[in-house]
Each structure stands twice: as structure tokens, then as C-alpha cells.
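Participant: According to UniProt numbering, the sequence shown is numbered sequentially starting from 1.
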Amino acid sequence: MIFGFAVTVAVAATLVALWSFVQSARNRLPDNPLLIGIAVVEVLLVVQLVIGIVLLAGGDRPGSLATYLAYLIGCLVVLPVGAAWALAERSRSSTAVLGIACLAIPVMVLRLNEVWSGATA
């Protein structure tokens, strides 16, 4: 993995999470600018997936391939599920759900990098 890009993804997701929590505290529903922020993070995650696949195709191998692929693909699923929930409910709590989904991303990206570096536990 490219560490600098992983940090970029994690920081972007954290900033959108903070934005979501501020919106929730202000009793605001998920709005288009927030959903665009979520979409930007999702695009970064797709780029991360492409980078991961290119590195694998180039012969590099993580500590555990199955775990690495699970985190790589799992990162892509979290935000769309959170956004679907938020769009279906459209309440203050759905804005908080978006924040929680965004907070899951830095954790998953950190673990993805640990697995890439050889940590298997």
C-alpha cells in the first residue's frame, strides 16, 4: 500500500465524519454537500482498491491475502450502506450514522496497512 495515500483517505474520512457529527448536533438532516463529501471519500476508496490490485498484480504480497482483500473490499461497502440508511431515514440520527460510517474507514484503512506490512494478528 502507499502509506501517504492511505493517510489521505483516513484524514478525508475523519473530516467528513466530524462534519456529519456537527450537522447531527445542529439537528440537520443529511444534505447534498455532506453526501458529496461521502462520495469523495468513496472515490478515494475506489482509487485505493485500484492501487491495491495493481500492487498485487505487480507481485507484492500482504501478510495475509484473504484478510487484505476483505479489508480492501469491505472499505468500499461501509459508506454506501451508511448513505442508503441515511437516505431512507432522513433524520438527525441518520446524519450521525453517516459520521459513524466515516469513522469506520480510518480504522479499516489502518488495519489494511497493518496487514499489508505483514501483521496477521
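Virtual Cβ for every residue (Gly too), placed ideally from N, Cα, C.
All values reported here derive from a predicted model rather than from experimental measurement.
Identify which residue in L110, E114, G118, V115 has its Cα closest to the Cα of V7.
Facilitator: L110
Participant: For P106, collect the residues of the same chain with a Cβ closer than 7 Å to its Cβ; drop the 5 residues on either side in sequence, then sort them by chain order.
Facilitator: A10, A13, T14, listed in sequence order.
Participant: Going by the beta-carbon positions, is the gap between L49 and L18 smaller than 8 Å?
Facilitator: Not a contact, by the Cβ cut-off of 8 Å.
Participant: Over the uninterrupted alpha helix (DSSP H) stretch that includes L34, give me the two end residues.
Facilitator: 32 to 57
Participant: Could you name the residues of the same chain whose beta carbon sits closer than 7 Å to that of F3, not counting the 5 residues immediately before and after it, in chain order?
Facilitator: N113
Participant: Judging by CA-CA distance, which residue of R26, N27, V16 is the nearest neighbour of P33?
Facilitator: Nearest C-alpha to P33: V16.
Participant: With DSSP as the reference, label P106 as helix, strand or coil.
Facilitator: helix
Participant: Kindly indicate which residue of L35, T67, R28 has the alpha-carbon position closest to the one of C102.
Facilitator: L35
Participant: Does the beta-carbon of I38 have 16 or more other beta-carbons within 10 angstroms, so that it is buried, or is it exposed?
Facilitator: buried
Participant: Below 8 Å between beta carbons: does that hold for A86 and V97?
Facilitator: Going by C-beta atoms, A86 is nearer than 8 Å to V97.
Participant: At what residue ranges does the stretch 68 to 117 contain a whole run of the alpha helix (DSSP H), taking only runs of 4 or more?
Facilitator: 92 to 117
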